[in-house]
Amino acid sequence: MKTFLLLCGILVLFGAVCWSEPLGPEEAKRKVSPAQEDESPSDATTTSTENDRKSAEGLLEESVLGREEEARREASRTDFDVFSDELHFIGGSAIKIVKAPDLSQDKENRKMSEMLNEMLENHERMIQKIESEIDEINRLEPVEPEVVRALTPEELEAQEAFDRAMAVMNRTKVDKLAGIKLMVEAAGKGHPLAKSHVAWAQLLGHPIHMDIEAAKKTFQELADEGLPDAQMGLGFMYAAGIGFNVSQAKALVYYTMAALGDNSWAQMAL
């Protein structure tokens, strides 16, 4: 009986020990957890406040940095605009300074213009003087009616050949070779206008071969006879320096005489 009770006591003790080991940690946990639960709200509140403060500080810092960056960009943009304006102004003024007027060219142009004006004034005075002299001569000398001289048979043939040549050359479809042949025929018979036409063709080299000396000789002979067309030819040769040394004065004299003889080319040249 004692042995049985002893065994039962041992079993009870063993069971108590076995049950106390698994329950110990849980009880400890239960004992610890209320403290932790008591402490967790304060820690969470502290942590949340600290995080809010940090986030607010971060936002404030970012805002300040953003404003500073924006101010820096605005200042940089303003400086760039001012620099661009100054550079544009400097560049424009530099271009104006470099692109200086060519005074020598202006002087030459002014001198040339003055020379041309002086020549035109001299020509105008000369023409007025010649016209006044002609008018004075006409007033002093009585105008006699021109006596129409009867043409000789040779002169009639020359006039007919000249008329045929002009008819051919004035056609819509001009046959220049046929016209110049008739003109040479009329010139050979002594017609003065036909001689002048042939001389112009020799001077220009169209439609016959160029012969400046022959044209020069013909123009001089006809100009001495007072033919305006020949005087126009000599004026052109003196003005261009063809067959003669260039002489604008002589060219002007011949142009004036031809213009007074109702030569349209000479009138346009003047």
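Letter by letter, the sequence shown follows residues -20 to -1, 1 to 250 of mature numbering (1 follows the signal peptide of the UniProt record, and there is no 0).
Beta carbons: idealized from backbone N, C-alpha and C, even for Gly.
Keep in mind that this is a model prediction, so the values were computed, not measured.
For this session: Please check the pair F142 and A174, which I expect to be a contact at CB under 8 Å, by giving their CB distance rounded to whole angstroms.
Result: 5 Å
Exercise. Taking the alpha-carbon positions, what's the G221 to E101 distance?
Worked result: One C-alpha to the other measures close to 23 Å.
Exercise. What whole-angstrom Cβ distance do M163 and H177 have, given they're in contact under 8 Å?
Worked result: 5 Å
Problem set entry | Cβ-based burial, P133 [other Cβ within 10 Å; buried from 16] | A residue is called buried once 16 or more other Cβ atoms fall within 10 Å of its Cβ, and P133, having fewer, is exposed.
For this session: Could you name each continuous alpha helix (DSSP H) segment of 4 residues or more that falls completely within the segment 125 to 168, going from the start of the chain to the end?
Result: The segment 125 to 168 contains these whole alpha helix (DSSP H) runs: 133 to 149, 156 to 168.
For this session: Please report the Cβ distance between A181 and T198, rounded to the nearest whole angstrom; I am assuming they are in contact, meaning their Cβ atoms lie under 8 Å.
Result: So it is not a contact: roughly 11 Å between Cβ atoms.
Problem set entry | For E193, the nearest candidate out of K109, L214, N89 (CA to CA) | L214
Exercise. For F199, does the three-state DSSP call read helix, strand or coil?
Worked result: helix
For this session: State the start and end residues of the unbroken alpha helix (DSSP H) segment that holds M237.
Result: From DSSP, the alpha helix (DSSP H) with M237 extends over 228 to 240.
Exercise. The alpha helix (DSSP H) spanning P208 covers which residue range?
Worked result: 208 to 220
Exercise. Any idea what DSSP makes of P187, helix, strand or coil?
Worked result: coil
Problem set entry | Q228 beta carbon less than 8 Å from that of A219 | yes
Exercise. Applying the criterion that 16 or more other CB atoms from any shown protein chain within 10 Å of the CB defines a buried residue, is I114 buried or exposed?
Worked result: exposed
Exercise. DSSP three-state call for G4: helix, strand or coil?
Worked result: With a pLDDT of 47 at G4, under the threshold of 50, the modelled position of this residue cannot be trusted, and the question is left open.
For this session: Take V148 as the anchor and find which of M237, E137, K161 has the nearest alpha-carbon.
Result: K161
Exercise. Can you check whether the CB of A138 is closer than 8 Å to the CB of H189?
Worked result: no
For this session: Return yes when the Cβ of A167 is within less than 8 Å of the Cβ of P208, no when it is not.
Result: no
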